[in-house]
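Peer 1:
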Amino acid sequence: MRMTADVIVIGGGLVGMAIATGLQREGADVLVLDEGDVAHRASRGNFGLVWVQGKGAGMPAYAGWTRRSADLWPGFADRLKQETGIDVGYRKVGGIDIALDEADLDERRGKLAAIAAAAPAETRVDFEILDRNGVRDILPDVGPEVVGGSWTAHDGHVSPLLLLRALVTGFRNDGGRIETEASVERIAKGFSVMTAKGSFLAGRIVLAAGLGSARLAPMVGLSVPVRPQRGQVMITERQAPRLHHPTNWVRQTVEGTIQIGDSHEEAGFDDGVTTPVLRDIARRAVRAFPFLDGVRILRCWGALRVMSPDGCPIYRQSETMPGAFAATCHSGVTLAAAHAGLLAPMIARGTLDPSMEPFSPTRFDTS
Amino acid sequence: MSTDVDIAVIGAGPAGMTAASTAAEAGLSCVLLDEQAEPGGQIYRAIERLAARGERFAEILGEDYARGAAIAQRFRQSGAVCQAGVQVFDLDADGVLGLIADEGARWIRARRVIVAAGAQERPVPVPGWTLPGVMSLGSAQTLLKSAAMVSDVPTVIAGSGPLLYLAATQLIEAGARIEAVLDTMPRERYLAAAAGLPRALMAGGELRKGLAWKRRLKNSGVRYLSNADAIAIAGEGRVTGLRARVGHRDMDFACSLVLLHEGVVPNVQLAMVAGARHDHDGLQACWRPVLDPFGRTTVANILVAGDAGGIGGAELAAAEGELAACAAAYDLGCIGEREFERRTRVPQALVRRKKPLRRFLDTLFRPRDEVLVPPGDDTIVCRCEEVTAGELRRIAALGCTGPNQSKAFSRAGMGPCQGRMCALTISHLLAAAHDRDPAHTGHLRLRPPVKPVTVGQMAGAPDDA
Numbered sequence: 007m008r009m010t011a012d013v014i015v016i017g018g019g020l021v022g023m024a025i026a027t028g029l030q031r032e033g034a035d036v037l038v039l040d041e042g043d044v045a046h047r048a049s050r051g052n053f054g055l056v057w058v059q060g061k062g063a064g065m066p067a068y069a070g071w072t073r074r075s076a077d078l079w080p081g082f083a084d085r086l087k088q089e090t091g092i093d094v095g096y097r098k099v100g101g102i103d104i105a106l107d108e109a110d111l112d113e114r115r116g117k118l119a120a121i122a123a124a125a126p127a128e129t130r131v132d133f134e135i136l137d138r139n140g141v142r143d144i145l146p147d148v149g150p151e152v153v154g155g156s157w158t159a160h161d162g163h164v165s166p167l168l169l170l171r172a173l174v175t176g177f178r179n180d181g182g183r184i185e186t187e188a189s190v191e192r193i194a195k196g197f198s199v200m201t202a203k204g205s206f207l208a209g210r211i212v213l214a215a216g217l218g219s220a221r222l223a224p225m226v227g228l229s230v231p232v233r234p235q236r237g238q239v240m241i242t243e244r245q246a247p248r249l250h251h252p253t254n255w256v257r258q259t260v261e262g263t264i265q266i267g268d269s270h271e272e273a274g275f276d277d278g279v280t281t282p283v284l285r286d287i288a289r290r291a292v293r294a295f296p297f298l299d300g301v302r303i304l305r306c307w308g309a310l311r312v313m314s315p316d317g318c319p320i321y322r323q324s325e326t327m328p329g330a331f332a333a334t335c336h337s338g339v340t341l342a343a344a345h346a347g348l349l350a351p352m353i354a355r356g357t358l359d360p361s362m363e364p365f366s367p368t369r370f371d372t373s
Numbered sequence: 002m003s004t005d006v007d008i009a010v011i012g013a014g015p016a017g018m019t020a021a022s023t024a025a026e027a028g029l030s031c032v033l034l035d036e037q038a039e040p041g042g043q044i045y046r047a048i049e050r051l052a053a054r055g056e057r058f059a060e061i062l063g064e065d066y067a068r069g070a071a072i073a074q075r076f077r078q079s080g081a082v083c084q085a086g087v088q089v090f091d092l093d094a095d096g097v098l099g100l101i102a103d104e105g106a107r108w109i110r111a112r113r114v115i116v117a118a119g120a121q122e123r124p125v126p127v128p129g130w131t132l133p134g135v136m137s138l139g140s141a142q143t144l145l146k147s148a149a150m151v152s153d154v155p156t157v158i159a160g161s162g163p164l165l166y167l168a169a170t171q172l173i174e175a176g177a178r179i180e181a182v183l184d185t186m187p188r189e190r191y192l193a194a195a196a197g198l199p200r201a202l203m204a205g206g207e208l209r210k211g212l213a214w215k216r217r218l219k220n221s222g223v224r225y226l227s228n229a230d231a232i233a234i235a236g237e238g239r240v241t242g243l244r245a246r247v248g249h250r251d252m253d254f255a256c257s258l259v260l261l262h263e264g265v266v267p268n269v270q271l272a273m274v275a276g277a278r279h280d281h282d283g284l285q286a287c288w289r290p291v292l293d294p295f296g297r298t299t300v301a302n303i304l305v306a307g308d309a310g311g312i313g314g315a316e317l318a319a320a321e322g323e324l325a326a327c328a329a330a331y332d333l334g335c336i337g338e339r340e341f342e343r344r345t346r347v348p349q350a351l352v353r354r355k356k357p358l359r360r361f362l363d364t365l366f367r368p369r370d371e372v373l374v375p376p377g378d379d380t381i382v383c384r385c386e387e388v389t390a391g392e393l394r395r396i397a398a399l400g401c402t403g404p405n406q407s408k409a410f411s412r413a414g415m416g417p418c419q420g421r422m423c424a425l426t427i428s429h430l431l432a433a434a435h436d437r438d439p440a441h442t443g444h445l446r447l448r449p450p451v452k453p454v455t456v457g458q459m460a461g462a463p464d465d466a
């Protein structure tokens with residue numbers, strides 16, 4: 007099978023579908039190549055935050071990029087709803103990173119101040135450090151061990167599953183093509199993409215294959231040094247609405263379930279769960295929100311973050327094979343609006359803005 | 002948590018009780034875990050109280066049921082520890098089990114785990130199956146066995162399989178108000194299965210016994226209609242009737258209780274959660290763990306015995322329990338090769354002898370297509386999240402080929418039942434939508450806990466779990 011398109015996007019997760027959607031809106035004929043039902047799929051296991059605070063320490067470009075995406079999110083969600091009828095449940099209600107001890111809160115204060123100080127005025131993130139009562143005003147359910155927290159109005163959350171469904175639905179409705187079970191084996195000049203389902207041709211390609219991009223990038227003269235970092239998560243039975251604002255590791259979903267994370271583990275490609283980690287997550291959750299003690303867990307899972315060495319995204323066009331782009335990050339939900347609205351138009355124009363230079367993987371070169 | 006026990010057996014039916022007895026008799030420390038208050042499993046439920054409940058009751062349940070008493074007695078004398086009223090909510094590849102009981106959650110580690118979790122009734126997603134007043138025939142039989150209870154409201158039984166004849170007859174004889182029994186087995190199945198009949202007859206007395214139950218049902222005076230199809234349950238807020246096509250005629254039945262049954266399938270949840278590989282069994286139209294002849298799964302410390310590894314019935318289950326325990330004892334160095342061969346000879350011969358019968362029954366009672374994939378778009382597939390067949394077909398049309406992606410898109414399979422009531426239907430529906438084999442479509446990836454456990458209970462896990 008040989009099929010042609012203007013652009014082939016490799017990867018049907020949140021990063022790939024957001025870029026594909028953006029390219030389609032620029033008028034491109036886009037083909038998405040995706041894996042099958044069982045794949046690593048960070049898009050299926052993630053936490054669903056559109057989260058700004060704390061992002062980009064030591065990398066102002068990332069802080070600004072995140073802030074710009076959060077600014078675009080309301081319009082992005084509205085347009086998806088108009089075009090697909092799917093409400094992805096985005097709520098920009100402001101979020102709190104709660105602290106269980108004073109040292110943690112002090113460290114937070116310093117970190118957020120440093121990020122703000124390094125940011126240009128237009129993307130600076132105003133934050134507030136709350137004491138116990140300040141947190142309780144916003145989240146009355148916090149327990150006595152919560153000493154405070156940091157707040158920004160830019161944070162919010164969304165259903166990541168509905169987001170992916172909306173992106174796929176909108177893309178297909180507008181004539182976009184998605185080939186599933188088409189794992190990419192090889193990419194040759196031209197570009198010719200060899201898959202389990204045959205070869206596909208396009209003048210431009212975008213690697214948005216998450217952890218798979220590490221293997222594919224050298225085929226087009228790029229380097230995407232990403233590794234899996236496991237996060238374990240649990241989700242409870244539905245509860246009446248009571249947590250009206252997300253925290254970065256406990257949030258009530260639009261369906262009413264309460265999602266509790268997170269862990270940061272170097273466990274290779276094992277996306278299973280382990281009792282000691284789940285126990286620690288549960289202990290911390292009960293300290294933060296004592297009512298969770300008696301709430302039943304429905305399901306626990308592990309998911310693999312797509313981590314670069316500094317935790318920040320990688321965006322780059324190949325110098326040796328122009329027309330081949332790589333895009334990867336571990337915050338595909340937060341950055342979805344920027345990927346569709348800002349990054350995709352650059353790819354459609356054929357060149358990344360100079361402002362994207364800080365995201366080049368050359369920053370990892372040791373020489 | 003150090004290693005607590007040599008062998009943990011999950012499920013106290015014929016396979017589990019026999020496995021536990023065998024392991025304990027071989028000198029291994031063994032604990033048998035079961036959700037019920039007493040051993041017996043589904044088939045021998047409340048078996049140890051049988052004698053106390055009188056001859057009439059024993060006669061209704063039959064001599065096969067009574068055979069369980071000997072298995073239970075052997076188990077009680079074996080030295081294996083019985084922990085009843087315990088749910089296993091997690092099992093990992095290292096043999097750590099998460100348990101939940103009235104007093105809370107706890108974790109144990111076993112050197113080998115034998116999963117003998119038995120069968121569950123196949124979900125029967127017909128229109129109206131989620132209405133109050135619909136239950137499975139197996140549940141009704143369970144109430145009869147454990148509490149000597151039968152409902153006195155007008156009842157229709159619909160379905161097929163050996164249990165239909167047995168349980169329907171038992172309920173009628175116990176005094177239930179059965180308006181009609183609708184047998185959904187297509188008549189042409191007799192032809193399909195006929196070639197296997199002679200060997201099946203030689204496999205043992207079960208077939209004759211099954212025919213005797215069917216005769217007893219037909220002679221009971223209750224209306225029995227064969228070749229029924231297109232079952233749809235009617236009612237607003239609760240069951241008021243049932244419509245079916247019988248032959249070429251649509252018939253309506255007024256009733257307030259419907260008992261459905263379309264055979265049983267392996268209870269695969271724990272073996273799947275532990276990571277054991279499962280293949281699709283085309284004839285039984287279900288998933289079953291990949292096992293060696295002694296019940297070893299693809300996960301080193303975990304074995305499966307009995308119906309949990311593929312439907313075979315009580316007698317076969319007991320033999321498989323014996324084999325799995327011998328394999329575990331051998332692997333742990335508790336018995337040598339010669340002893341292993343000596344002990345496994347008889348149960349292996351029984352397994353070989355029973356195979357032709359199973360094939361015959363599977364061919365005869367293979368579920369109809371409308372049981373595997375609801376033809377109507379309005380029929381609910383996932384009860385927990387109320388996802389319909391139509392919604393799943395729409396998602397399939399988006400290009401979604403497997404149950405894990407359809408779960409992410411539709412929430413089908415995300416509810417508290419952990420796919421117990423929908424996973425098979427979802428796989429079969431997606432396979433049909435893409436015109437491919439369910440083996441290729443794959444199954445829902447199960448995630449612990451398979452039984453609900455609270456956040457607080459999880460917080461209480463020991464430091465070395």
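If you're matching them up, the sequences are chains A and B in order. Quick note: our numbering has the first sequence finishing at residue 373, numbered continuously throughout. Quick note: our numbering has the second sequence finishing at residue 466, numbered continuously throughout. Quick reminder that beta carbons are idealized off the backbone N, C-alpha and C, glycines included.
Which chain A residues sit within Cβ distance under 7 angstroms of residue 449 of chain B?
Peer 2: Against the second sequence, residue 449 of chain B aligns to sequence position 448. In chain order: 279 and 306.
Peer 1: Between the stretch 229 to 259 of chain A and chain B, which residues of the former have a C-beta closer than 8 angstroms to a C-beta of the latter?
Peer 2: If the cut-off is 8 angstroms between Cβ atoms, the stretch 229 to 259 of chain A has 240, 242 and 243 near chain B.
Peer 1: Rounded to the nearest angstrom, how far is the Cβ of residue 70 of chain B from that of residue 39 of chain B, given a contact under 8 angstroms?
Peer 2: Looking up residue 70 of chain B in the second sequence gives position 69. Looking up residue 39 of chain B in the second sequence gives position 38. Between residue 39 of chain B and residue 70 of chain B the Cβ distance is about 12 angstroms, and since that is not below 8 angstroms, they are no contact.
Peer 1: Take residue 165 of chain B and list the residues in its own chain whose beta-carbon comes closer than 6 angstroms to its own, dropping the five residues that flank it on each side.
Peer 2: By 1-based counting over the second sequence, the position of residue 165 of chain B is 164. Closer than 6 angstroms at the Cβ level, and outside the excluded window around residue 165 of chain B, lie 262.
Peer 1: With residue 265 of chain A as the anchor, note down where its beta strand (DSSP E) starts and where it stops.
Peer 2: Translated into positions along the first sequence, residue 265 of chain A becomes position 259. Note, residue 265 of chain A: beta strand (DSSP E), 264 to 266.
Peer 1: Short check: CB of residue 96 of chain B to CB of residue 302 of chain B, under 7 angstroms?
Peer 2: On the second sequence, position 95 is the one that residue 96 of chain B refers to. On the second sequence, position 301 is the one that residue 302 of chain B refers to. It is a contact, given that the beta carbons lie within the stated cut-off.
Peer 1: Can you tell me whether residue 331 of chain B is buried or exposed, with buried defined as 16 or more other CB within 10 angstroms of its CB?
Peer 2: For this step, residue 331 of chain B is matched to residue 330 along the second sequence. Residue 331 of chain B is buried by the Cβ-count criterion.
Peer 1: Roughly how many whole angstroms lie between the Cα atoms of residue 252 of chain A and residue 164 of chain A?
Peer 2: Residue numbering aside, residue 252 of chain A sits at position 246 when the first sequence is read from its first letter. Residue numbering aside, residue 164 of chain A sits at position 158 when the first sequence is read from its first letter. One C-alpha to the other measures close to 10 angstroms.
Peer 1: For chain B, check one thing: does any of its Cβ atoms lie closer than 7 angstroms to the Cβ of residue 167 of chain A?
Peer 2: By one-based count along the first sequence, residue 167 of chain A stands at place 161. Yes, because at least one Cβ of chain B sits closer than 7 angstroms to the Cβ of residue 167 of chain A.
Peer 1: Between the Cα of residue 234 of chain A and those of A:315, A:305, A:224 and A:201, spot the shortest distance and give me the residue it belongs to.
Peer 2: Locating residue 234 of chain A in the first sequence gives position 228, where the first residue counts as 1. Checked all of A:315, A:305, A:224 and A:201; the closest Cα to residue 234 of chain A is A:315.
Peer 1: If you follow the beta strand (DSSP E) that residue 66 of chain A is part of, which residue opens it and which one closes it?
Peer 2: Within the first sequence, residue 66 of chain A is the residue found at index 60, counting from 1. Run containing residue 66 of chain A: none in the beta strand (DSSP E); it sits in the alpha helix (DSSP H), 66 to 90.
Peer 1: Of all Cβ atoms in chain A, is any one closer than 7 angstroms to the Cβ of residue 96 of chain B?
Peer 2: For the purposes of this step, residue 96 of chain B is taken as residue 95 along the second sequence, with counting starting at 1. Judged by the 7 angstroms Cβ criterion, residue 96 of chain B is not in contact with chain A.
Peer 1: Measure the alpha-carbon distance for residue 10 of chain B versus residue 32 of chain B and round it to whole angstroms.
Peer 2: Mapped onto the second sequence, residue 10 of chain B falls at position 9. Mapped onto the second sequence, residue 32 of chain B falls at position 31. Between residue 10 of chain B and residue 32 of chain B, the C-alpha separation is close to 6 angstroms.
Peer 1: Mind listing the chain B neighbours of residue 42 of chain A? Cutoff is C-beta to C-beta under 7 angstroms, in chain order.
Peer 2: Start at 1 with the first residue of the first sequence, and residue 42 of chain A comes out as number 36. Within 7 angstroms Cβ-Cβ: 402 and 403.
Peer 1: Using 10 angstroms around the beta-carbon of residue 220 of chain B, count the other beta-carbons present and answer buried if the total reaches 16, otherwise exposed.
Peer 2: Locating residue 220 of chain B in the second sequence gives position 219, counting from the first residue. So residue 220 of chain B ends up on the exposed side.
Peer 1: Could you check whether residue 155 of chain A and residue 102 of chain A sit closer than 7 angstroms to each other, using their CB atoms as the reference points?
Peer 2: If you number the first sequence from 1, residue 102 of chain A lands on position 96. If you number the first sequence from 1, residue 155 of chain A lands on position 149. Yes. Within cutoff.
Peer 1: Any idea if residue 188 of chain B is buried or exposed, counting beta-carbon neighbours within 10 angstroms, 16 or more meaning buried?
Peer 2: The count along the second sequence starts at 1 and reaches residue 188 of chain B at position 187. Exposed, by the Cβ-count rule.
Peer 1: Straight-line CA distance for residue 41 of chain A to residue 189 of chain A?
Peer 2: For the purposes of this step, residue 41 of chain A is identified with residue 35 of the first sequence, where counting begins at 1. For the purposes of this step, residue 189 of chain A is identified with residue 183 of the first sequence, where counting begins at 1. Their backbone Cα atoms lie some 5 angstroms apart in a straight line.
Peer 1: DSSP on residue 131 of chain B, reduced to helix/strand/coil?
Peer 2: Position 130 of the second sequence, counting from 1, holds the residue named residue 131 of chain B. Residue 131 of chain B falls in the coil class under three-state DSSP.
Peer 1: Are the beta-carbon atoms belonging to residue 79 of chain A and residue 343 of chain A less than 7 angstroms from one another?
Peer 2: As a first step, residue 79 of chain A must be located in the first sequence, where it is residue number 73. As a first step, residue 343 of chain A must be located in the first sequence, where it is residue number 337. Yes, the pair counts as a contact, with Cβ atoms nearer than the cut-off.
Peer 1: Starting from residue 143 of chain B, trace the beta strand (DSSP E) both ways and give me its first and last residue.
Peer 2: Position 142 of the second sequence, counting from 1, holds the residue named residue 143 of chain B. Element bounds for residue 143 of chain B: not the beta strand (DSSP E) but the alpha helix (DSSP H), 138 to 148.
Peer 1: Taking the straight line between their C-alpha atoms, what separation do you get for residue 59 of chain B and residue 67 of chain B?
Peer 2: For the purposes of this step, residue 59 of chain B is taken as the residue at position 58 of the second sequence. For the purposes of this step, residue 67 of chain B is taken as the residue at position 66 of the second sequence. Rounded to whole angstroms, residue 59 of chain B to residue 67 of chain B spans 7 angstroms at the Cα level.
Peer 1: List the residues that DSSP assigns as beta-bridge partners of residue 158 of chain A.
Peer 2: Locating residue 158 of chain A in the first sequence gives position 152, where the first residue counts as 1. DSSP, once it has assigned bridges, lists A:101 as partnering residue 158 of chain A.
Peer 1: In chain B, which residues lie with their C-beta within 9 angstroms of the C-beta of residue 186 of chain A?
Peer 2: Taking the first residue of the first sequence as position 1, residue 186 of chain A is located at position 180. Chain B residues near residue 186 of chain A: 400, 401, 402, 403 and 406.
Peer 1: Is it a yes or a no for the stretch 23 to 32 of chain A touching the stretch 50 to 62 of chain A, going by three-plus beta-carbon pairs under 8 angstroms?
Peer 2: Result no; under three Cβ-Cβ pairs closer than 8 angstroms.
Peer 1: Enumerated in chain order, which unbroken segments of the alpha helix (DSSP H) with a length of 4 residues or greater are wholly contained in the stretch 184 to 212 of chain B?
Peer 2: Fully enclosed alpha helix (DSSP H) runs of 4 or longer: 190 to 195 and 198 to 203.
Peer 1: Tell me which residue opens and which closes the alpha helix (DSSP H) that residue 429 of chain B is part of.
Peer 2: Within the second sequence, the letter at position 428 stands for residue 429 of chain B. Run containing residue 429 of chain B: 424 to 434, per the alpha helix (DSSP H) assignment.
Peer 1: So is residue 428 of chain B buried or exposed if we call it buried at 16+ other beta carbons inside 10 Å?
Peer 2: The sequence position of residue 428 of chain B within the second sequence is 427, counting from 1. Buried is the call here.
Peer 1: For residue 279 of chain B, which residues from the same chain have a beta carbon less than 8 angstroms from its beta carbon, with the 5 sequence-adjacent residues on both sides left out?
Peer 2: Numbered from its first residue, the second sequence carries residue 279 of chain B at position 278. Cβ neighbours of residue 279 of chain B beyond the five flanking positions: 269, 272, 273, 288, 289, 290, 291 and 444.
Peer 1: Alpha carbon to alpha carbon, how far is residue 434 of chain B from residue 266 of chain A?
Peer 2: The residue given as residue 434 of chain B occupies position 433 in the second sequence. The residue given as residue 266 of chain A occupies position 260 in the first sequence. So the two alpha carbons sit approximately 35 angstroms from each other.
Peer 1: Name, in chain order, the residues that DSSP records as bridge partners for residue 228 of chain A.
Peer 2: Taking the first residue of the first sequence as 1, we reach residue 228 of chain A at position 222. Answer is none; residue 228 of chain A lacks a bridge partner.
Peer 1: Taking Cβ positions only, does residue 460 of chain B come closer than 7 angstroms to chain A?
Peer 2: By one-based count along the second sequence, residue 460 of chain B stands at place 459. Chain A, which has a Cβ nearer than 7 angstroms to the Cβ of residue 460 of chain B, makes this yes.
Peer 1: Report buried or exposed for residue 108 of chain A, applying the criterion of at least 16 other Cβ atoms within 10 angstroms of its Cβ.
Peer 2: By 1-based counting over the first sequence, the position of residue 108 of chain A is 102. Looking at its Cβ environment, which holds fewer than 16 other Cβ atoms inside 10 Å, residue 108 of chain A is exposed.
Peer 1: Is residue 187 of chain A a contact residue of the ligand GTP, with contact defined as CB to any heavy atom under 6 angstroms?
Peer 2: The ligand GTP is not part of this structure, which contains no ligands at all.
Peer 1: Mapping DSSP to helix, strand and coil, what is residue 299 of chain A?
Peer 2: Against the first sequence, residue 299 of chain A aligns to sequence position 293. Helix, per DSSP.
Peer 1: Could you give the first and the last residue of the continuous alpha helix (DSSP H) run that contains residue 321 of chain A?
Peer 2: On the first sequence, residue 321 of chain A is found 315 positions in, with the first residue counted as 1. Per DSSP, residue 321 of chain A belongs to no alpha helix (DSSP H); it is in the beta strand (DSSP E), 320 to 323.
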